[in-house]
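Under this note's numbering, read the sequence shown as residues 8 to 384, first letter to last.
Note that beta-carbon positions come from the ideal geometry of N, C-alpha and C, so glycine has one too.
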Amino acid sequence: MTVRSVLIVGGGFTGLTAAIALAQRGVEQVTLVERAPAWARVGHGVTLQGNALKVFKDIGVLDQVLAKGFAEDEGVTLFFQDGRVMMQLKTPRTGGEDLPPTIGALRPDLHEALLKRAEALGVEIRLGTELVSFDNHGDQASTLLSDGTTEFWDLVIVADGIKSQTRPKLGITQDRGPSGLGIWRAVTTRLPHMRGGIAFPFGEGSGAYKVGYTPVSDTHCYIFVLCPPQRVDNGLPDWQEVKRLMADYHGDFDYLRESITEDTFLNFQEIEWIFVPAPWHQGRVIALGEAVHAVPPLIAQGAAQCVEDAAILAEYVTQPGDLEEQFAAFYERRIPRIKGVVDASMQLADWELHPGAPEADPGRVMAEALIALVPPA
Ligand SMILES: Cc1cc2nc3c(=O)[nH]c(=O)nc-3n(C[C@H](O)[C@H](O)[C@H](O)COP(=O)(O)OP(=O)(O)OC[C@H]3O[C@@H](n4cnc5c(N)ncnc54)[C@H](O)[C@@H]3O)c2cc1C
Numbered sequence: 008m009t010v011r012s013v014l015i016v017g018g019g020f021t022g023l024t025a026a027i028a029l030a031q032r033g034v035e036q037v038t039l040v041e042r043a044p045a046w047a048r049v050g051h052g053v054t055l056q057g058n059a060l061k062v063f064k065d066i067g068v069l070d071q072v073l074a075k076g077f078a079e080d081e082g083v084t085l086f087f088q089d090g091r092v093m094m095q096l097k098t099p100r101t102g103g104e105d106l107p108p109t110i111g112a113l114r115p116d117l118h119e120a121l122l123k124r125a126e127a128l129g130v131e132i133r134l135g136t137e138l139v140s141f142d143n144h145g146d147q148a149s150t151l152l153s154d155g156t157t158e159f160w161d162l163v164i165v166a167d168g169i170k171s172q173t174r175p176k177l178g179i180t181q182d183r184g185p186s187g188l189g190i191w192r193a194v195t196t197r198l199p200h201m202r203g204g205i206a207f208p209f210g211e212g213s214g215a216y217k218v219g220y221t222p223v224s225d226t227h228c229y230i231f232v233l234c235p236p237q238r239v240d241n242g243l244p245d246w247q248e249v250k251r252l253m254a255d256y257h258g259d260f261d262y263l264r265e266s267i268t269e270d271t272f273l274n275f276q277e278i279e280w281i282f283v284p285a286p287w288h289q290g291r292v293i294a295l296g297e298a299v300h301a302v303p304p305l306i307a308q309g310a311a312q313c314v315e316d317a318a319i320l321a322e323y324v325t326q327p328g329d330l331e332e333q334f335a336a337f338y339e340r341r342i343p344r345i346k347g348v349v350d351a352s353m354q355l356a357d358w359e360l361h362p363g364a365p366e367a368d369p370g371r372v373m374a375e376a377l378i379a380l381v382p383p384a
């Protein structure tokens with residue numbers, strides 16, 4: 008085994024998956040530091056595709072994840088904004104025939120499943136602790152943490168997200184940039200027949216580029232409203248602003264809009280993106296996940312690509328061999344797959360902004376991008 012002690016920085020999907028995969032493969036000391044002083048207990052919905060579920064199966068959390076989420080076999084229904092059905096879009100089984108093509112779930116539920124598995128495998132978790140700096144010393148890297156301790160590790164995995172402050176310290180010059188898109192998300196109730204859909208506008212209307220929802224349980228779903236990146240300054244409270252953006256959408260979307268109240272959990276954020284071609288490491292410190300690739304969630308592959316990174320890196324570094332060679336093999340396997348997701352997502356983002364583009368063909372690009380992910384990562 009190349010590594011026996013690993014520090015992981017960041018307790019999102021990437022960091023927790025890496026911690027579990029390494030501990031499961033027998034790495035003696037796996038420690039995860041997370042800046043937040045406590046784990047969030049409420050949060051948004053997320054759509055996970057089969058290839059993410061395949062990783063969750065491999066790291067031993069599939070049953071818990073499926074129990075928390077809502078699996079959908081029929082794909083997603085596309086609607087006109089007046090509520091008429093446009094078409095049914097089948098989602099390919101990117102995780103293999105034995106796994107659902109997608110599930111919807113609440114992020115804190117998934118997080119809890121990962122956390123429990125990590126703790127059961129003996130991962131040491133330190134909350135409220137940040138990576139301050141690191142140094143490489145040949146066959147080990149040292150880290151200075153915010154609690155003042157300096158420690159030595161065989162490997163440091165930096166999974167500190169799209170706003171990574173470690174990225175430039177690894178000599179990576181690329182930075183996150185605007186995608187031109189913003190998004191509102193809300194968690195609310197749904198009716199039993201509502202199995203997931205996206206509605207497209209006829210024209211400018213309220214300013215929403217599109218509106219969609221994904222079930223996260225038998226009774227609830229999360230709604231997203233894709234829109235310009237700056238929140239409109241119109242004096243409306245957030246919940247009324249989301250209702251205003253959804254006002255032109257009918258059919259099932261009337262129910263969803265009316266279910267939003269001032270107590271609904273919702274938020275707005277600008278969507279940014281980044282893609283860093285390899286290398287992602289310096290010496291024994293490597294960045295993974297959204298620290299090095301993040302895209303607008305237009306084919307719902309962000310988290311899937313993050314957890315694939317984590318599981319596959321763990322495969323390499325727990326074999327005997329030279330770490331530099333293992334990183335090189337890892338990049339060779341990961342970069343083309345991630346680049347396919349980035350290119351498709353950014354093309355789709357561009358067509359959201361320029362829907363009249365003569366070559367715009369989002370259905371084809373989405374389908375091709377997902378079919379390309381059917382072969383295992
Ligand atoms: C609006 C939106 C919708 C999305 N929807 C989907 C979807 O439906 N399906 C999907 O697959 N993907 C989706 N994604 C993408 C997905 O959310 C991300 O790819 C994934 O959550 C990234 O995980 P991560 O662990 O790499 O980063 P993060 O989740 O950002 O985790 C990074 C962690 O590191 C911690 N941290 C930061 N700096 C330090 C430090 N110095 N020391 C210690 N800890 C630190 C942070 O507190 C954080 O907990 C969406 C993204 C957005 C923006």
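As a quick exercise: from the options, pick the residue whose alpha carbon is nearest that of residue i.
i	options	result
residue 249	214, 278, 25	214
residue 211	233, 191, 198	233
residue 158	13, 362, 193, 376	13
residue 195	21, 224, 206, 208	224
residue 24	172, 64, 333, 332	64
residue 380	184, 57, 181	57
residue 370	73, 351, 230, 20	351
residue 345	179, 331, 306	306
residue 43	153, 262, 164, 135	135
residue 83	218, 205, 245	205
residue 319	170, 268, 27	27
residue 290	326, 272, 141	141
residue 327	235, 34, 19	34
residue 372	32, 96, 52, 59	96
residue 131	52, 29, 53, 187	29
residue 149	292, 374, 315	292
residue 299	171, 339, 217, 31	171
residue 163	277, 330, 244	330
residue 50	166, 78, 156, 116	116
residue 382	353, 265, 315, 41	315
residue 147	160, 155, 240, 242	160
residue 8	321, 353, 368	321
residue 301	231, 186, 101	186
residue 188	156, 353, 367, 52	353
Measure the alpha-carbon distance for residue i versus residue j and round it to whole angstroms.
i	j	result
residue 282	residue 297	9 Å
residue 280	residue 357	13 Å
residue 256	residue 192	16 Å
residue 304	residue 37	30 Å
residue 61	residue 69	8 Å
residue 355	residue 348	11 Å
residue 15	residue 67	19 Å
residue 124	residue 72	11 Å
residue 10	residue 104	34 Å
residue 88	residue 263	13 Å
residue 55	residue 111	6 Å
residue 108	residue 75	16 Å
residue 39	residue 365	48 Å
residue 295	residue 21	7 Å
residue 221	residue 228	5 Å
residue 181	residue 46	29 Å
residue 363	residue 209	11 Å
residue 145	residue 175	21 Å
residue 376	residue 99	10 Å
residue 285	residue 254	44 Å
residue 114	residue 267	20 Å
residue 252	residue 92	20 Å
residue 261	residue 361	26 Å
residue 120	residue 311	16 Å
residue 288	residue 200	48 Å
residue 336	residue 31	21 Å
residue 247	residue 273	11 Å
What is the C-beta distance between residue i and residue j, in whole angstroms, given that I count them as a contact (C-beta under 8 Å)?
i	j	result
residue 81	residue 202	6 Å
residue 333	residue 323	4 Å
residue 90	residue 259	7 Å
residue 85	residue 94	5 Å
residue 238	residue 275	5 Å
residue 137	residue 122	That belief does not hold up - the Cβ atoms of residue 137 and residue 122 are roughly 19 Å apart, past 8 Å.
residue 277	residue 236	4 Å
residue 394	residue 127	Since the first and last residues shown for the chain are 8 and 384, residue 394 lies out of range.
Would you verify that the beta carbon of residue i is, or is not, closer than 8 Å to some beta carbon of chain D?
i	result
residue 199	Within the model displayed, chain D is absent; a lone protein chain is all it includes.
**Request:** At 4 residues or longer, and completely inside the segment 41-123: list those alpha helix (DSSP H) runs for me, N to C.
**Result:** 57-65, 69-75
**Request:** Kindly provide the ranges of any beta strand (DSSP E) runs that are 3 or more residues long and lie completely inside the segment 227-270, ordered along the chain.
**Result:** 227-234
**Request:** Taking only runs that begin and end inside the segment 157-205, name each unbroken alpha helix (DSSP H) of 4 or more residues, in chain order.
**Result:** none
**Segments assigned alpha helix (DSSP H), at least 4 residues, entirely inside the segment 305-346** = 309-324
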